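In the numbering used here, the protein residues as written are 40 to 272.
For glycine and all other residues, C-beta sits at the position ideal for the given N, C-alpha and C.
Quick caveat, the model's predicted, so the values are computed rather than measured.
Note sheet for the following structure.
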């Protein structure tokens, strides 16, 4: 993926993909920026006006008026004026592959919550936010039980097993289980709550940010590449 150090020099890139056998899925909160796209093959339009004129094709356009294109995180002037930029969310991995056939490179940006007063509570950072399904089990319900310490259900990516996140460390049962050995290592742990069916995390430069969010499966829709079904002529 492109980063600020690349500037106008685009490295060979390939689409980001996930192992579907691991219950991982891409978050809809990712913003994908594509650079130097072919206007003959990609619908590059300012999204507000395009959606007003063609509401049925709104999701098919790559937004040339994107805020993030005009304010690249960490390097607002990272690209010269001759490099085109547009924002598009691929609804499927195949959509991303198609976009990269007609665009020189891309990058992904997610919004990180910094705990400030809105509207300054989120900042953009490079990386990809992902969802991981954690089923609601007896272990998870015991972990969250306030009479047993009120922990947070999690998943240890190292041991590939359930873990309960507590104030004084992580355990494999629940926080007040004194017979269970605790450890304070947080690296590689995904956290969530039993009120939803999935958790989300961000991967990329810097540490991961984990929080809960419900996810509903959506069928793939038309990608940003023009086809006979969505052409403007």
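So residue i is in the alpha helix (DSSP H); what residue range does that whole segment cover?
i           : result
residue 127 : Run containing residue 127: none; DSSP gives neither H nor E here.
Below 7 angstroms CB to CB, which residues in the same chain sit around residue i once its five sequence neighbours on both sides are set aside?
i           : result
residue 10  : This structure cannot speak to residue 10, because the chain is shown only from 40 to 272.
residue 47  : 118, 119, 122
residue 232 : Any answer about residue 232 is weak, because its pLDDT of 38 lies below 50 and its placement is not dependable; what the coordinates show is given next. Excluding sequence neighbours, residue 232 sits near 183, 191, 192, 251.
residue 40  : 52, 145, 146, 147
residue 79  : none
residue 216 : 210
residue 90  : 97
Looking at the unbroken beta strand (DSSP E) that takes in residue i, where does it start and where does it end?
i          : result
residue 73 : 70 to 74
residue 63 : 63 to 65
Residues in its own chain within less than 8 angstroms of residue i by CB, not counting five upstream and five downstream?
i           : result
residue 142 : 73, 74, 75, 76, 77, 81
residue 184 : 213
residue 69  : 128, 147, 148, 149, 167, 168
residue 50  : 41, 144
Per DSSP, residue i forms a beta bridge with which residues?
i           : result
residue 151 : 162
residue 146 : 72
If you count every other CB in all the chains shown that lies within 10 Å of the CB of residue i, and 16 or more means buried, which is it?
i           : result
residue 164 : buried
residue 177 : exposed
residue 115 : exposed
residue 44  : exposed
residue 71  : buried
residue 65  : buried
residue 170 : buried
residue 162 : exposed
residue 200 : exposed
residue 180 : exposed
residue 134 : buried
residue 197 : exposed
residue 154 : exposed
Among the residues of its own chain, which have a CB less than 6 angstroms from the CB of residue i, if the five just before and after it don't count?
i           : result
residue 111 : 117
residue 63  : 57, 169, 171
residue 203 : 182, 190, 210, 213
Any chance the CB of residue i is under 7 angstroms from a heavy atom of the ligand ZN?
i          : result
residue 52 : Ligands are entirely absent from the displayed structure, and the ligand ZN is therefore not among its contents.
Would you list, in sequence order, the uninterrupted alpha helix (DSSP H) runs of no fewer than 4 residues that lie entirely inside the stretch 158 to 218? As far as the stretch 158 to 218 is concerned, its whole alpha helix (DSSP H) runs of at least 4 residues are 177 to 183.
I'd like the ranges of any beta strand (DSSP E) spanning at least 3 consecutive residues and lying wholly in the stretch 84 to 143. Listed in chain order, the complete beta strand (DSSP E) runs (minimum 3 residues) inside the stretch 84 to 143 are 124 to 126.
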